[in-house]
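So the sequence shown is numbered by our numbering: it starts at 2 and just counts up by one. Before any comments, here is the structure.
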Amino acid sequence: LHGELTINLDGRSLSLSATEAANAAAITGTGNVTLTGLASALTADLSDIAAGLTVTAELVSAGSQTLSANLSTVDTLNITGTGTVTVAQAAVLKPQLAISVGENATLSLSAAAAAGVTITGDGDLIISGPVSADLDLSGITNLAFAGNAIAVDAGKTLTLTPAQAHDVTITG
């Protein structure tokens, strides 16, 4: 982060835009941070938010958007709206990031980006391969694979429900 303002929450809660957070020098302490307007800051570097904070980012999707932000300090990403959010290869996701995809939204990401991430919600999820790490997608309601196919690397496990695997070509 490149700003000069340091915010110490000291057990409090704070709501600010993702742009404001990216422009702060640091957000420190303990407490809860809600980042709004991530759709307007798709390339934001949010890496200077302290690990002791619980961080939720809100992204209201519209149209087709590419997310390449550094979300290495974000615990929860809530995607709502009616658009498609594609997670770019350049994006940095926190291990064990929890992503919720709202009913009319679509999330598209690679199998590599999905590894270690928990994805829930009633929205659509599109996964592109190959699967190069163990990946459990069995909790996803509306799952599709790019090209209706997915490759799984040797020694790796892709966990799907029978309904998710129906009519999908799985190779590897």
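Cβ atoms here follow ideal geometry from the backbone N, Cα and C, with glycine treated the same way. This one's a predicted model, so the numbers in the text were calculated from it and none came from an experiment.
Exercise. Which runs of the beta strand (DSSP E), 3 residues or longer, sit entirely within the segment 21-94?
Worked result: 27-29, 32-37, 54-62, 65-68, 77-82, 85-88
For this session: Measuring alpha carbon to alpha carbon, tell me which of Leu-43, Val-75, Phe-146, Val-34 ends up nearest Ser-109.
Result: Phe-146
Exercise. Does DSSP put Ala-106 in a helix, a strand or coil?
Worked result: The answer is coil: DSSP assigns Ala-106 none of H, G, I, E or B.
For this session: Over the uninterrupted alpha helix (DSSP H) stretch that includes Ala-150, give me the two end residues.
Result: Taken as a continuous stretch (DSSP letters only), Ala-150 belongs to no alpha helix (DSSP H), being part of the beta strand (DSSP E) at 150-152.
For this session: Counting only the same chain and skipping the five closest in sequence on each side, list residues whose C-beta sits under 7 Å from that of Ile-50.
Result: Its chain contains Ala-22, Ile-28, Val-34, Val-56, Thr-74 as the residues whose beta carbon lies nearer than 7 Å to that of Ile-50, once the 5 sequence neighbours on both sides are disregarded; these appear in chain order.
For this session: Could you check which residue in Gln-165, Gly-173, Ala-150 has the C-alpha nearest to that of Gly-156?
Result: Gly-173
Exercise. For Ala-70, which option in Ala-45, Ala-134, Thr-158, Ser-14 has the closest C-alpha, if you only look at C-alpha atoms?
Worked result: Ala-45
For this session: Closer than 7 Å by C-beta to Thr-142: which residues in its own chain qualify, once you throw out the five before and the five after it? Chain order, please.
Result: Asp-123
Exercise. DSSP three-state call for Ala-19: helix, strand or coil?
Worked result: Here Ala-19 sits in helix by DSSP.
Problem set entry | Sequence-distant residues of the same chain with beta carbon closer than 6 Å to Ile-151, five excluded per side | Gly-130, Ile-171
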